[in-house]
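Colleague: The structure under discussion is supplied below as structure tokens; questions concerning it will follow.
Protein chains: 2
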Amino acid sequence: MKILEDRIRKDGDIFEDNVLKVSGFLNHQIDPVLMRDMALEWKELYKGEKVDKILTIEASGISMATMTAYEFGVPLLFAKKTKTTNISDNVYSTLIKSYTHQIVYNVQVEKRFLEKGENILIIDDFLARGEALRGLINLCDQAEAHVVGCGIAVEKAFQPGGQELRQKGYRIESLARIKSMNGQNNIEFC
Amino acid sequence: MKILEDRIRKDGDIFEDNVLKVSGFLNHQIDPVLMRDMALEWKELYKGEKVDKILTIEASGISMATMTAYEFGVPLLFAKKTKTTNISDNVYSTLIKSYTHQIVYNVQVEKRFLEKGENILIIDDFLARGEALRGLINLCDQAEAHVVGCGIAVEKAFQPGGQELRQKGYRIESLARIKSMNGQNNIEFC
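As you go down the protein sequences, you meet chains A and B in turn.
Its first residue numbered 11, the first sequence is counted upward by one per residue in the working numbering.
Its first residue numbered 11, the second sequence is counted upward by one per residue in the working numbering.
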């Protein structure tokens with residue numbers, strides 16, 4: 011998606027160790043027009059597919075997922091990160107490791123909002139190692155819900171998450187796929 | 011706002027000790043059409059006011075704040091909750107106590123996204139004691155940004171936060187103001 015790639019080139023900050031910061035328009039300060047453009051792109055990519063619900067994870071996925079849910083005309087469910095390992099009977103939960111924050115989250119959704127047979131489109135801002143996406147798919151599996159596919163804003167295609175999940179048969183539509191990045195003015199998309 | 015009051019009556023769960031859960035449509039599973047309706051209501055209420063940016067706090071404010079930012083045609087900034095008291099030079103931070111989770115968060119925004127003289131509309135899902143709102147106002151004060159007003163989805167008007175802030179001169183537009191609630195079928199709005 012050219013407008014997202016252009017925006018990353020223009021407003022993204024690239025640091026050492028393949029760290030990309032998009033705090034100016036995607037996950038701290040947010041451009042709502044870009045969020046809607048991304049939602050329209052996923053709507054087009056998944057046209058013809060039956061989608062009953064959008065699933066994302068707090069916090070930075072919520073903005074784009076809200077716009078996507080609006081465009082699809084379906085509810086949005088966001089998985090909550092809790093610090094406790096306290097698991098109650100009325101939630102599905104899974105552990106997700108955040109490499110950014112070096113912490114393992116216990117991620118939960120209430121069972122009543124993720125139902126057997128529902129067609130789920132998963133939306134998130136980043137895909138690198140695939141930890142978050144595998145966790146969200148795991149929640150759907152526990153509920154016996156069907157994962158229609160995933161919509162990702164920025165995929166670090168030089169990390170293995172996307173490839174591994176595609177090889178398992180999941181459809182993943184990433185709007186910007188980074189092939190390599192080496193400093194501020196040297197980013198290459200797939 | 012009648013559609014929000016009706017929705018709370020229909021889909022809200024009221025527990026003892028004045029706890030209202032709106033997980034089905036507002037802060038876990040989210041109805042994006044309701045989010046847009048609320049955004050349009052705030053747009054109407056604040057018409058004629060200059061708004062440069064929407065400010066909210068993660069996570070449950072993000073959805074309605076995204077729609078509001080879209081309708082106003084301005085960026086959204088969401089304050090991040092961190093567990094550490096680690097304060098860096100490039101952020102404004104303030105402590106906010108969550109009575110729900112019995113924890114004190116160090117809430118932060120990057121300084122470059124909250125600028126002197128900017129006109130800020132603060133959006134959040136709940137107002138009870140006013141802790142979160144006072145914290146967000148405090149961040150604006152640190153930045154010397156101007157708080158145009160606040161848009162709240164659900165105000166517990168029987169708790170003191172709203173009254174205290176209005177007495178200080180802040181404009182607060184709550185779309186549903188609960189006067190009292192005593193069990194599932196007994197909720198009264200102002």
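The beta-carbon is built from N, C-alpha and C at its ideal position, and this holds for glycine as well.
The model shown is predicted, which means the values in this text are computed figures rather than measured ones.
May I ask you to list the residues that DSSP assigns as paired with T92/B?
Modeller: Answer is N116/B.
Colleague: Would you mind telling me which residues of chain A sit closer than 7 Å to R139/B, beta carbon to beta carbon, in chain order?
Modeller: Near R139/B there are no residues of chain A at all, since even the closest Cβ is about 22 Å away, more than 7 Å.
Colleague: Starting from Y180/B, trace the beta strand (DSSP E) in both directions and tell me its first and last residue.
Modeller: Neither: Y180/B is in no beta strand (DSSP E) and is coded neither H nor E.
Colleague: Could you pull out every residue in the same chain whose Cβ sits closer than 6 Å to the Cβ of L124/A, ignoring the five residues on either side in sequence?
Modeller: A153 and A155, listed in sequence order.
Colleague: Closer than 8 Å by beta-carbon distance: list the chain B residues that pair up with H5/A, in chain order.
Modeller: This structure does not reach residue 5/A, given that chain A is present from 11 up to 200, and the question cannot be answered.
Colleague: If we count the other Cβ atoms within 10 Å of its Cβ and call it buried at 16 or more, is D151/A buried or exposed?
Modeller: D151/A should be labelled exposed.
Colleague: Rounded C-beta distance between G179/A and L137/A? I'm assuming under 8 Å.
Modeller: Contact flag wrong, Cβ pair sits at about 16 Å.
Colleague: Go ahead and label Q112/B buried or exposed: buried means 16 or more other beta carbons lie within 10 angstroms of its beta carbon, across all protein chains shown.
Modeller: Result: exposed.
Colleague: How big is the Cα-Cα spacing for Q39/B and T78/B?
Modeller: About 18 Å.
Colleague: For R17/A, which residues from the same chain have a beta carbon less than 7 Å from its beta carbon, with the 5 sequence-adjacent residues on both sides left out?
Modeller: Result list for R17/A: F35 and L44, in chain order.
Colleague: Rounding to the nearest angstrom, what Cα-Cα distance links D135/B and Y115/B in this structure?
Modeller: C-alpha separation (whole angstroms): 17 Å.
Colleague: Alpha carbon to alpha carbon, what distance is there between N192/A and L14/B?
Modeller: Computed Cα separation, rounded: 49 Å.
Colleague: By the three-class DSSP mapping on this structure, what secondary structure does F35/B have?
Modeller: Residue state, collapsed to three classes: coil.
Colleague: Flag this pair as touching only if the region 158 to 169 of chain B and the region 45 to 63 of chain B have three or more C-beta atom pairs under 8 Å; answer yes or no.
Modeller: Judged by Cβ distances under 8 Å, the region 158 to 169 of chain B makes contact with the region 45 to 63 of chain B, as three or more pairs qualify.
Colleague: Going by DSSP, which residues form a beta bridge with F25/A?
Modeller: DSSP, once it has assigned bridges, lists V29/A as partnering F25/A.
Colleague: Please decide whether Y180/A counts as near chain B, where near means a Cβ-Cβ distance under 8 Å.
Modeller: Chain B, which has no Cβ nearer than 8 Å to the Cβ of Y180/A, makes this no.
Colleague: Who are the Cβ neighbours of E128/A in its own chain at under 6 Å, not counting the five residues just before and after it?
Modeller: Cβ within range, chain order: D62, K63 and A155.
Colleague: Where do the N-terminal and C-terminal ends of the alpha helix (DSSP H) with K166/B fall, by residue?
Modeller: Not the alpha helix (DSSP H): K166/B falls in the beta strand (DSSP E), residues H156 to K166.
Colleague: Check A79/B in the structure and name its three-state DSSP category.
Modeller: DSSP places A79/B in helix when its eight states are reduced to three.
Colleague: Using a Cβ-Cβ cutoff of 9 Å, what residues of the region 65 to 79 of chain A are near chain B? List them in chain order.
Modeller: Per Cβ criterion, the list reads E68, A69, S70, I72, S73, M74, A75, T76, M77, T78 and A79.
Colleague: May I have the straight-line CA-CA distance separating I24/B from K126/A, to the nearest angstrom?
Modeller: When rounded, the distance between both Cα atoms is 27 Å.
Colleague: Alpha carbon to alpha carbon, how far is L105/B from R19/B? Give it in angstroms, no decimals.
Modeller: Their backbone Cα atoms lie some 33 Å apart in a straight line.
Colleague: Step through the CB atoms of chain B and report whether any lies within less than 8 Å of the CB of P170/A.
Modeller: P170/A does not count as touching chain B.
Colleague: Please report the distance separating the alpha-carbon of P170/A from that of G140/A.
Modeller: Answer to the nearest angstrom: the Cα atoms are 8 Å apart.
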